[in-house]
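As structure tokens, the structure follows; a few thoughts come after it.
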Amino acid sequence: MDVTTILLLLLVGAVATFLAGDKLASKVALVFSLGTLGVSLSLLNQLLQGTDISFVGTWIDNPKVALAFKADGLAMAMVLLTTALTPLIVFSSFGNHFNNSKNFYALVLFMAFAMAGTFLAADGLLYYIFWELALIPIYFIALVWGNGDAEERKKAVLKFFIYTLGGSLFMLIAFAYLYSKAGSFLLEDLYNLDLSAGEESWIFLAFFLAYAIKIPIIPFHTWQAKVYQKAPTVGTMLLSGIMLKMGLYSVIRWQLPIAPHAAKEYMPILIGLSIAGVIYGSIVALRQKDLKKLLAYSSLAHVGLIAAGCYTLTLDGLSGAVAQMIAHGFVIVGLFFVAEIIYRRYETRTITDMGGIRTQTPKFTSMFMILVLASVALPGTYNFVGEFTVLYSLSQANLWFAVLGGTTIILGAYYMLKMFQNVMLGETNAKAFADVTSSEAITLVAIIAFLLFFGLYPKPITDLVEPTLKEILAVINK
Amino acid sequence: MQTLIAITALGVFCLIAEIFNLRKLLVPVTVVGLLAVLGLTLQLWSIDPALDTRYTSMIAVDGFASAFSTLFVLLTLFLVLMSDTFYQEHPTKFSDFVAIKIFLLAGAVAMVSFTNLSMFFLGIEVLSISLYVLAASKRLDIKSNEAGMKYFLMGSFASGIILFGICLIYGAMMSFDVTFIKEMSRSAELPIWFPIGIILVVIGMLFKIAAAPFHFWAPDVYEGSPALTTATMSTLAKVTAMATLFKLLSVMNADIDSKFQMVIVVVSILSMSIGNLMALRQDNVKRMLAFSGISHAGFMLMALLSISNAGSMLLYYAAAYALAGIAAFAVIVSVTGDGGNETTARFNGLGKTHPLLAAILTASLLSMAGIPIFSGFFAKFMLFSQTIQSGYLFLVIVGVINSIISVGYYFKLILAMYTKEAGEGKQAVPLVYTIVAVLSIAFNIIIGLYPALVTDLLG
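Take a look at the structure:
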């Protein structure tokens, strides 16, 4: 068994979901996503025992494109993030009703397929194809099943599509150029390529455009908040939980090792932009009245810090960034789910319409509280591990980076707790708020359990990803 | 040559069929005939191309000609399949329309297999005159008449310019034979009217492929013509003219000098940008696709910058573009029927009323925009990477920016289909349109997944 099994299973799952019809679609999708999680866990087990689970096949001879899927620790960690979050996301949507749900869940699985492919692909063009492919399902998910005014939604998703496609196409030019130099798209060949300083900076910038838009790093973030707000919660979870990590992962896997000198040269600017995102996101989040928009801007702040960690080019920075990617993936999915739970009961996302929920719902309140604390990186949660390591690496680079980046913790605590206060505390709300149902609780408990377990015992994930990160750093520093 | 004879015989059969009143049998028989032609082309190609070479130095069937002929036959097959339902309101003229399409195919095949400039011109005229007739084929519709007239006037000017160019080439080289011309053009000092002749021919061909600044006829003619004719023009006729221009330049002087390349670059940039920017403003779907076709012509012109090894890329681009075009037009024809309202508003709510058709139209538009797994992506990618290798990076960047712009109008249609409510009740869609749409988009995706199926054909 190799990693293509994961991809095939997700693809077959998408088709099966589509064929299953509207009534069964959600259940079939859940079964397939759980199956994929099982397969990826067993593959992880094989990888840890030293079995080679990569796959290399031929696809096209001219231009030479290989079906190369490389599964090392880093790629597997990200694939597991995808396959673990997908069933959670699917399951969390059981309380919602979607028209044409067979199309909806098929698109969700197809998106998971494309994202897993992006994490695994070790051939530039193959990677690009998966990268682009992930855009189509999320576009339709946000467009067709989104909420709010249709005209505004259309504008928001079209802007999102054109932005991301535009950025990616410059990456495609970079790949075409690299191919003309190397005669191959394979990752190793691109790593070994000797480029002049000028070429490197152009290629670095082309990649940067694609990733800065996807992550997003300011000033390329303008698509984000609107799309998060307008997309259905499932779409928002897919976007913030996994798709953003595609950009961050690609920075580590493709951008830095292919153009290391440019990365070193531009390091202060890159870290500066990333940290500017941290501060900007936090300040804007303070002012938000819409719960989903607030979470969108908090997400902007968090990914800014992760990007800063990546661009430090140190082992601590990279490993903290990976840890934080995983932790943020889980916590943001949990928080968006909380927003959705409130919406199911109160049919509003405006924070001022909420309040006074705590006394009615002890279970929900405590779970929400833990997620909020995880989000502000309280020690004992996995987010603390990631955030702390990244800040440490930033302080190695320049103390000011760490000081400015550290504002994320202070500001984050401020806006998250203020949000919690406004949403949950206060006079008991006149409108009744039923406590979480068991299916809602299962999702939240799974997320919390994950965050707490690895918060106390982060070693397995660190051990999994660090060998790969060391290899990549060796390429960067060669 | 056998292919050409077979096609012409099939065309004559269609004309005779009118006399014997075989209307019902006509399309099935023609389709079988076209399949036979397809088989014949493939068989001749697989045995030995040399068997089919040089009938009194008029025609040489090489790999390039066979590959493109196969594509043309396939496209004609789709167009003929749609004819039966499309021309239901023209009971008496029906066989003419099928016959004209077959003759058009004959012209197209002649255009890619010529070795003599007189054959080249004959091919162009057969193709163009068929198109003039088809454009004006809706006799009582003023718009169709206007389209036919405009196309005829402008087209005959272009033909005249081509002919003038051919005369100058003859004057310089004393021959119509392209192999002879090719040898001559390498050896001796060239008379000045030889390059002038070539430029005139190229201008005429740029007119035929509707590249800017020779594109002004296209939007009006596309809009006025009956939808099936527009489909023919924007797919079959466009890729034929593009392949012919490519062949003409490659057989006459393989190494285009850099000044001439600059002209190609400028025309390419103009076509891409004007086509895309104007398409953004269109509300009529046929007009929008006309402008999109102009921009695709600009993309295909990039193939002329590396003429010695871009043949297979051009074939791939042409196949990807034409198959997506056929699929799109099959959906457009089934929604709008023969005439009537052709604005994007007509497509409102198609995603709910006809999910399959909406999905196919979406797929074909995504292919034209160059999104992966559809063949349009690889088509653009290969063209871009070839162009980068020939050293025209800035042209590729312009191309990429244009691809981004094109998303704007392709998605306008997609948005209409999926976010707006349907205005009228659900209308029935003839089965044959759906079949054609499914087949052509399936071909498109298959060659998108296995580009080698097409690119390996020309080695």
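Protein sequence lines correspond, in order, to chains A and B.
Count the first sequence with the working numbering and you get residues 1 to 478, in order.
Count the second sequence with the working numbering and you get residues 479 to 937, in order.
The beta-carbon is built from N, C-alpha and C at its ideal position, and this holds for glycine as well.
Check: Using the Cβ count rule (16 or more neighbours within 10 Å means buried), how would you classify W400 of chain A?; Outcome: exposed
Check: Use the C-beta contact count for A434 of chain A: other C-beta atoms within 10 angstroms, 16 or more gives buried, fewer gives exposed.; Outcome: exposed
Check: How is the beta strand (DSSP E) around L238 of chain A delimited, first residue to last?; Outcome: From DSSP, L238 of chain A is part of no beta strand (DSSP E); its letter is neither H nor E.
Check: In angstroms, rounded to a whole number, what distance separates the CA positions of I681 of chain B and I639 of chain B?; Outcome: 8 Å
Check: Is the stretch 852-865 of chain B touching the stretch 777-784 of chain B in the sense that three or more CB pairs, one from each, lie closer than 8 Å?; Outcome: yes
Check: Nearest-angstrom Cα distance between L711 of chain B and W131 of chain A?; Outcome: It is worth fixing the name first, because residue 711 of chain B is Met in this sequence and not Leu. Approximately 35 Å, taken between the alpha carbons.
Check: Residue range of the beta strand (DSSP E) that W59 of chain A falls in?; Outcome: 55-60
Check: With respect to the beta strand (DSSP E) encompassing A66 of chain A, which residues constitute its N-terminal and C-terminal limits?; Outcome: 65-69
Check: Apply the 10 Å Cβ neighbour rule to N383 of chain A and answer buried if 16 or more other Cβ atoms are within range, or exposed otherwise.; Outcome: buried
Check: Using DSSP with H/G/I as helix, E/B as strand and the rest coil, what is F592 of chain B?; Outcome: strand
Check: If we define contact as Cβ-Cβ less than 7 Å, is A715 of chain B a contact residue for chain A?; Outcome: no
Check: Does the Cβ-Cβ distance between F91 of chain A and T437 of chain A come in under 7 Å?; Outcome: no
Check: Using a beta-carbon distance below 7 Å, is T933 of chain B in contact with chain A?; Outcome: yes
Check: Does the structure place the stretch 397-411 of chain A close enough to the stretch 358-372 of chain A that three or more beta carbon pairs sit under 8 Å?; Outcome: no
Check: Against chain B, does N99 of chain A count as a neighbour if the rule is that its beta carbon must be under 7 Å from one of theirs?; Outcome: no
Check: Once DSSP output is grouped into helix, strand and coil, what is the label at P379 of chain A?; Outcome: strand
Check: For the putative contact between Q229 of chain A and G148 of chain A, defined by C-beta atoms under 8 Å, what is the C-beta separation to the nearest angstrom?; Outcome: 7 Å
Check: I'd like the span of the alpha helix (DSSP H) that includes L893 of chain B, first residue to last.; Outcome: 871-897
Check: Please go through the stretch 419-461 of chain A and give each complete alpha helix (DSSP H) segment of 4 or more residues, from N-terminal end onward.; Outcome: 438-456
Check: Using a beta-carbon distance below 7 Å, is L557 of chain B in contact with chain A?; Outcome: no
Check: Quick one: list the residues of chain B neighbouring E132 of chain A, beta-carbon separation under 7 Å, in chain order.; Outcome: I849, P850
Check: At the 7 Å Cβ level, is Y610 of chain B part of the contact set with chain A, yes or no?; Outcome: no
Check: Whose C-alpha, out of B:T563, B:L513, B:G848, is nearest the C-alpha of T548 of chain B?; Outcome: B:L513
Check: Please classify N880 of chain B as buried or exposed, where buried requires at least 16 neighbouring CB atoms within 10 angstroms.; Outcome: buried
Check: Does chain B have any CB closer than 7 Å to the CB of I162 of chain A?; Outcome: yes
Check: Run through DSSP, which three-state label would L313 of chain A get?; Outcome: coil
Check: Could you tell me how far apart the beta carbons of I218 of chain A and Y280 of chain A are, in whole angstroms, since I believe they sit closer than 8 Å?; Outcome: 6 Å
Check: Under the DSSP definition of a beta bridge, which residues are partnered with N762 of chain B?; Outcome: B:T821
Check: Using the C-alpha atoms, what's the distance from F635 of chain B back to I483 of chain B?; Outcome: 29 Å
Check: At what residues does the alpha helix (DSSP H) containing A915 of chain B begin and finish?; Outcome: 909-927
Check: Is the stretch 63-77 of chain A touching the stretch 459-476 of chain A in the sense that three or more CB pairs, one from each, lie closer than 8 Å?; Outcome: yes
Check: Anything in chain B within Cβ reach of P63 of chain A, meaning under 7 Å, just list it in chain order.; Outcome: M860, S863
Check: For G818 of chain B, count neighbouring Cβ atoms within 10 angstroms of its own Cβ and tell me buried if that reaches 16, exposed if not.; Outcome: exposed
Check: Classify D290 of chain A as helix, strand or coil using the three-state DSSP reduction.; Outcome: strand
Check: Just to confirm before moving on: does the CB-CB distance between N594 of chain B and S535 of chain B stay below 7 Å?; Outcome: yes
Check: Take V251 of chain A and list the residues in its own chain whose beta-carbon comes closer than 6 Å to its own, dropping the five residues that flank it on each side.; Outcome: Y211, C310
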